[in-house]
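Numbering (my numbering), first residue to last: 14 to 328.
Beneath this line is the structure, given in structure tokens, with notes to follow.
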Ligand code: NDP
Ligand code: OXD
């Protein structure tokens, strides 16, 4: 009889309870180990399930067959110099994750577009302050950096609210009602028509620091930024400077250069910046356990697993 596969669930102990049930349900034959077992069982682990592996963990797992990322973005795994470049790495792709992120994006687009902060401030003073929209919906051009699984759903949701939507990606896209810009050569014209810029790119060597002073200067005056991708995309000081000199109207940030965002960061109390603690979309453990069981099933049969990352491209 075939040996059961051994999985290492590399999540902090406070989180493992959320994962153990669904993983055992979808992979009833597997041996599921937690972080505390990693040292003793290192040579017997077949599959690693992780988001940001602890330093030294990957180097200690000598018989790994594959790694499953608990999120859509694999930058935390590829940043580990011990990750073997030929090892299969699968990322998490699921409608539930795209849907949550699309909800976050729609929420923050509408908070900005409808001037909700102005009405919150008025309510805090018991003031009845009516005001029309500062810009018509049809004139509020939205630009989405990254038209992958998540960016595409965000584009469709915003298009359905009648915003003019444009996407930027490496390859050209054909999403109904959404204009496509592709490649580095089309970034500047894409930015020039983005009144609300939404970053949903993977963090790679090509996209690191892409939200910088030069990029902001190419946006129309009064543009708004939503970064729900990775903190490494944004040069935080350039953003603050662009807002403070009045070129950008503000920003919503879910991800940061350093997470948790340090208590003394100027971003926390900036009047034109909304901060959320990397919660734009949180992986659903049941959906992830199902995807992992399908991936392991495929690999054990000698077939390719879905959503394998292209290591050379970094996403
Ligand atoms: P995908 O891999 O499906 O899509 C990535 C998109 O980015 C593709 O359209 C790709 O172009 C484009 N892209 C990549 N590199 C470049 C480049 N150099 N120039 C132009 N376009 C580029 O990713 P997902 O949509 O699944 O996820 C996107 C990111 O969202 C994740 O990597 C993660 O960082 C972030 N995320 C954040 C969450 C949060 O809670 N804040 C939750 C989930 C994800 P092409 O299509 O041509 O390949
Ligand atoms: C992800 C994330 O990449 O949670 O899925 O950030």
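Heads up, the beta-carbon is just placed ideally off N, CA and C, and yes, glycines get one too.
Please read these numbers as outputs of a predicted model, since none were measured by experiment.
Inter-residue Cα distance where the pair is residue i and residue j
i, j, result
"residue 48", "residue 95", "18 Å"
"residue 98", "residue 80", "11 Å"
"residue 282", "residue 27", "29 Å"
"residue 246", "residue 223", "5 Å"
"residue 169", "residue 191", "8 Å"
"residue 225", "residue 255", "9 Å"
"residue 61", "residue 317", "17 Å"
"residue 149", "residue 137", "26 Å"
"residue 76", "residue 50", "15 Å"
"residue 36", "residue 303", "8 Å"
Per-residue DSSP class, three states only, for residue i
i, result
"residue 241", "coil"
"residue 211", "strand"
"residue 157", "strand"
"residue 306", "helix"
"residue 163", "helix"
"residue 321", "strand"
"residue 150", "helix"
"residue 60", "strand"
"residue 352", "Because the chain is modelled from 14 through 328, residue 352 falls outside the range shown and cannot be assessed."
"residue 44", "strand"
"residue 102", "strand"
"residue 216", "coil"
"residue 174", "coil"
Cβ distance (whole Å) where residue i is taken to contact residue j below 8 Å
i, j, result
"residue 196", "residue 206", "About 16 Å separates the two Cβ atoms, so there is no contact after all."
"residue 340", "residue 214", "Beyond the ends of the chain as shown, which are 14 and 328, falls residue 340; an answer cannot be given."
"residue 85", "residue 105", "6 Å"
"residue 55", "residue 73", "5 Å"
Buried versus exposed, by CB contacts within 10 Å (16 or more), residue i
i, result
"residue 153", "buried"
"residue 240", "buried"
"residue 131", "exposed"
"residue 279", "exposed"
"residue 179", "buried"
"residue 165", "buried"
"residue 115", "buried"
"residue 295", "exposed"
"residue 144", "exposed"
"residue 272", "exposed"
"residue 24", "buried"
Contact test: residue i Cβ vs the ligand MN heavy atom, cutoff 7 Å
i, result
"residue 247", "In the structure on display, the ligand MN does not appear, and the ligands it does have are the ligand NDP and the ligand OXD."
### Query
In chain order, which alpha helix (DSSP H) runs of at least 4 residues are fully inside the stretch 252-319?
298-313
### Query
In chain order, which continuous runs of the beta strand (DSSP E) of length 3 or greater are located wholly inside the stretch 176-209?
178-182, 191-195
### Query
Considering only residues of the stretch 69-93, which uninterrupted beta strand (DSSP E) runs meet the minimum length of 3 residues and lie entirely inside it, listed in chain order?
79-82
### Query
Taking only runs of the beta strand (DSSP E) that begin and end inside the stretch 18-44, which ones reach a length of at least 3 residues, in chain order?
19-22
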